[in-house]
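As numbered in my numbering, the sequence shown has no gaps in its residue numbers, which increase by one up to the final residue, 283.
See structure below.
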Amino acid sequence: MSFHHRVFKLSALSLALFSHLSFASTDSELNLDFLQGMGAIPSVLKSGSDFPAGQYYVDVIVNQENVGKARLSITPQEESANALCLSPEWLKAAGVPVRLEGYASTLDAAKQCYVLSRNPYTKVDFSYGSQSLVFSIPQSFLVSKTDPSRWDYGVPAARLKYSANASQTSGQSTSAYANADLMVNLGRWVLASNMSASRYADGSGEFTARDITLSTAISQVQGDLLLGKSQTRSALFSDFGFYGAALRSNSNMLPWEARGYAPLITGVANSTSRVTISQNGYT
1 MSFHHRVFKL
11 SALSLALFSH
21 LSFASTDSEL
31 NLDFLQGMGA
41 IPSVLKSGSD
51 FPAGQYYVDV
61 IVNQENVGKA
71 RLSITPQEES
81 ANALCLSPEW
91 LKAAGVPVRL
101 EGYASTLDAA
111 KQCYVLSRNP
121 YTKVDFSYGS
131 QSLVFSIPQS
141 FLVSKTDPSR
151 WDYGVPAARL
161 KYSANASQTS
171 GQSTSAYANA
181 DLMVNLGRWV
191 LASNMSASRY
201 ADGSGEFTAR
211 DITLSTAISQ
221 VQGDLLLGKS
231 QTRSALFSDF
241 GFYGAALRSN
251 SNMLPWEARG
261 YAPLITGVAN
271 STSRVTISQN
281 GYT
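So this is what it looks like as structure tokens:
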């Protein structure tokens, strides 16, 4: 065996031993010193929990509907338990319309918070990648109507919808007509008006304001208070215009089951389900 061949074998053996010792001496955890000088591994990378501890700003999704955003603080205890304990105040502020009396068995009396996932029909999932907290809650555990304190009167805005037409006869006489619907929203008040203007062939003109009202929602009576010039609305008598005040019901303030035919369906589905209801051949 030549000298060069022996040197090559010794070098290969040394390299193999060095590689083995290097792998044996390394820790099983990933060293992230080369990333922005971090010497510790973030808990989200080394934790097997679905709820890594930390502060988050998440999208809150209830039964596939985005109800808003909220700040979420996950404690190390929740990470270890692999479950969130949510206070009634947090659930209300986040817009989760849940009936907590249905979750009495999930209450942590010491912390005064609810571990909703203890209910076998409820799921609470946290997505670190999309920064979202997703709830799957049976319909029977949801509040049937929105808390009036959470009603939104909208942002200040104005809208103008109009139409106009004109015609000219062979005798060079001209007539024109224009109609406009104006709506202005400011705070909780809404100014609305329907106006029209006409110019006849003989040169005369006319301006008419059919409605000019200032209205606001009254949650206590689930209706709207209107002030100004408006029209009556009756299914029994002919409508007529009046100046003054009126209080009208607003079906948009009612829960959906109170707006029309709403059959009572009982039972709890164990998973995402489809329910089909038929009446007189209509689905």
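Note that beta-carbon positions come from the ideal geometry of N, C-alpha and C, so glycine has one too.
F135 is positioned such that its CB atom lies closer than 7 Å to that of V124. W151 carries a coil assignment under DSSP once its states are collapsed to helix, strand and coil.
In the DSSP assignment, L225 is bridged to T216, L247.
Residue pairing from DSSP leaves L100 without any beta-bridge partner.
A180 and A166 do not touch by the CB rule: their CB atoms are close to 15 Å apart, not below 8 Å. The straight-line gap separating the alpha-carbon atoms of R199 and S163 is approximately 14 Å. For S87 and S273, the gap between their C-alpha atoms comes out near 29 Å.
Taken atom to atom, the span from the alpha-carbon of G223 to that of E79 is near 46 Å. The Cβ atoms of L191 and L227 lie no closer than 7 Å to each other. Here the C-alpha atom of Q77 lies approximately 36 Å from the C-alpha atom of D152. Shown here for G68: same chain residues with a beta carbon closer than 7 Å to its own, the five before and five after excluded, namely V60, A94, G95 in chain order. Rounded to whole angstroms, the separation of the alpha carbons of S173 and G203 is 9 Å. DSSP places Q77 in the uninterrupted alpha helix (DSSP H) bounded by 76-81. With respect to the 7 Å criterion, T106 and L91 are not classified as neighbours on the basis of their beta carbons. Nearest in C-alpha terms to N119, of all of S249, V268, L236, V275, is V268. Shown here, K123 sits in a strand according to DSSP, grouped into three states. Exclusion of the five residues before and after Y121 leaves P138, V268, N270 as the residues of its chain whose Cβ lies within less than 7 Å of its Cβ.
Measuring C-alpha to C-alpha distances from A104 to each of A110, P97, Y114 identifies Y114 as the nearest. Remark: C-beta atoms of L254 and L225 do not approach each other more closely than 7 Å. Judged by beta-carbon spacing, G244 lies beyond the 7 Å limit of Q231, meaning their Cβ atoms are not closer than that value. Of the other Cβ atoms in all chains shown, fewer than 16 fall within 10 Å of the Cβ of I277; this residue is therefore exposed. Taking 7 Å as the cut-off, the beta carbon of G102 is found no closer than this to the beta carbon of I74.
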